[in-house]
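To keep things clear, I will list the structure first and then write my remarks on it.
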Amino acid sequence: PSNYDILEGTVPWTVSAAPCSTTTIDHVEFRIDGTVDYVDYSAPYEFGDFGSGWMTTMETSGAHTLVAVAVDDNGCESSDTLNVYVDNSGLGVSCAGIEDGDRAEISGTYGEILRFPLTNFSRVDTYHLESMKLEWENNVVYPYYMLIDGTVVWSYSTWPEYASGDTVAFWNVYDIAPDTQATVEIWFWDYPGSAPPDIDLTTLNLKITCFGSPLAECGPYDVPTAGNCDLATIDITSVNSANPYDVITDAAVGQVYYTDRTYTLTYLPSELDGATIVRNPNNDKNLGNSHALVVSYPTPAQVWIAYDPRGTPPDWISNTYTNTGLSVGVTDAGTNTLTLWHKNIDAGPQTFSGNKAQGYSGAVGTNYVIFVTCQ
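According to the numbering used here, the stretch in the sequence shown is residues 1049 to 1423, in order.
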């Protein structure tokens, strides 16, 4: 780089040098803030194996001093110094793993294939995936085949070859481009075999750890499956209102969405297919900060709050949920749509405050509605 450059991501660091007392350079040392971080013994002199570059995401943001020292056969040294600034705000870690909210799908004749997206979190660095550690809890199944984006990266040579906690070494390095996802497939089979095979990947509870570069170890990451999602046992733990609250499953057009009105749903976006509805009474639409509805979720889930578009939602919604721009259609005479706000939640209790709690504004005339889907 040049003196006083502002750097981000992985950057090339190259050196041209001439010996100071002989005709031959023995090696070049690359020093970062006084520490020798890399030594290259052959021209062209570059930082990193095969000129892979300096991974600035491993450094603190701010000023750094780079020194290159060329040493000839007699030990005579010549050097040059650069002052640079690292700013990696917003780049993301140079790692591959499981994005929050992503889930694995189960397929195959016997439910033996687990398929999930693997995300390169970096905006600038390609992740070079060399191997993957697999940990799982089901003690009768073992992996025998792995693919990434349809390319076979490993298959068994002995059976079973790997147990839980082992690292599967790939035949070839698989590159995942910056800010993209690759699709991983792992095929499992029972051992010793039975007919039909004893395979239930919903109880696998798989964890993965990725090994490669730029960051040598990424993880472990949980790989939840759609089979882990339980919407049927969502429960209202408590509510400080005398009006009725309940939970209904399988949201559909034509359903009544309040406990004390006959208004029905006229449109649902595909994101709410199969959703569970936590139904509020519309008579509680004017409640504020003191209101507390506590709902217990047995598994991680996505929560969608449908709010009156004639106003701005209170802080407990606008500060922690994201306005999706999506809407549900309703038969309320005051508004024919409700705007959807969204967030992912962990298993356990979640508290919902009042429709007109602190921060709300505008002509809010109807209560919010809670939809729940799998992550």
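Where is the CB? At the ideal position from N, CA and C, for every residue including glycine.
Check, Outcome
"Residue span of the beta strand (DSSP E) that contains residue 1284, given as start and end", "1283–1287"
"CB of residue 1341 within 7 Å of CB of residue 1400, strictly", "yes"
"Beta strand (DSSP E) runs wholly inside the region 1183–1213, at least 3 long, in chain order", "1189–1196, 1199–1203"
"Residue 1391 versus 1381, 1366, 1407, residue with shortest Cα-Cα distance", "1366"
"C-alpha gap between residue 1297 and residue 1396, whole angstroms", "19 Å"
"Whether residue 1102 touches residue 1059 by CB criterion (7 Å)", "yes"
"Alpha-carbon spacing of residue 1384 relative to residue 1356, whole angstroms", "10 Å"
"Contact check, residue 1227 vs residue 1174, beta carbons under 7 Å", "no"
"Whole alpha helix (DSSP H) elements within the region 1331–1419, 4-residue minimum", "1363–1366"
"For residue 1281 and residue 1293, the rounded distance between their alpha carbons", "15 Å"
"Residue 1268 - containing beta strand (DSSP E), residue span", "1265–1271"
"Separation of residue 1299 from residue 1180, as counted between CA atoms", "39 Å"
"Under 7 Å between C-beta atoms of residue 1263 and residue 1100", "no"
"Which of helix, strand or coil DSSP assigns to residue 1312", "strand"
"Straight-line gap, residue 1433 to residue 1140 (C-alpha atoms, nearest Å)", "Summary: the structure shown does not reach residue 1433, with the chain confined to residues 1049 through 1423, and so no result is reported for it."
"Residue 1081 versus 1090, 1130, 1303, residue with shortest Cα-Cα distance", "1130"
"Rounded separation between residue 1250 and residue 1225 - CA only", "30 Å"
"Inter-residue CB distance, residue 1328 and residue 1306 (contact presumed, cutoff 8 Å)", "7 Å"
"Where residue 1319 sits in the DSSP three-state scheme", "helix"
"Inter-residue spacing [alpha-carbon to alpha-carbon] between residue 1117 and residue 1109", "24 Å"
"Cβ-Cβ distance between residue 1119 and residue 1075 below 7 Å", "yes"
"Beta-carbon contacts of residue 1085 that lie in its chain and below 6 Å, excluding the five residues immediately before and after", "1078"
"Distance between residue 1339 and residue 1289 (C-alpha atoms, nearest Å)", "8 Å"
"Contact check, residue 1146 vs residue 1273, beta carbons under 7 Å", "no"
"Expected contact under 8 Å - CB spacing of residue 1414 and residue 1380 to nearest Å", "6 Å"
"Straight-line gap, residue 1124 to residue 1113 (C-alpha atoms, nearest Å)", "22 Å"
"Neighbourhood of residue 1332 by C-beta, 8 Å cutoff - its chain only, sequence neighbours within 5 removed", "1289, 1291, 1339, 1402, 1403, 1415"
"Beta carbon of residue 1238 nearer than 7 Å to that of residue 1245", "yes"
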